[in-house]
Amino acid sequence: MKEKITNFVSDVIKEMKKVTWPTREELKDSTVVVLVSSVLISLFIFAVDWVLQQMMTLLLAG
7 MKEKITNFVS DVIKEMKKVT WPTREELKDS TVVVLVSSVL ISLFIFAVDW
57 VLQQMMTLLL AG
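Take any residue in the sequence shown, note its place counting from 1, add 6, and you have its number in our numbering.
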């Protein structure tokens with residue numbers, strides 16, 4: 007059992023050395039893209055929800 011754990015950890019270390027980590031600039035750019043996308047999607051969902059709510063209000067009031 008101990009040998010399996012040791013092999014696993016060794017394999018993980020080998021794979022982590024193969025990873026290409028993003029630069030600080032790439033990370034910053036990706037973060038901005040995620041934040042802007044999240045805000046835009048939230049605004050879209052808010053707008054659709056508001057329109058549907060208004061339609062239901064008109065439908066039920068009439």
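Where a beta carbon is used, it is the ideal one built from N, C-alpha and C, also for glycine.
query                                                                     : result
Rounded straight-line distance, which links the Cα of V38 to that of E32  : 10 Å
Opening and closing residue of the alpha helix (DSSP H) in which W56 lies : R30 to A67
Rounded C-alpha distance that separates R30 from S44                      : 21 Å
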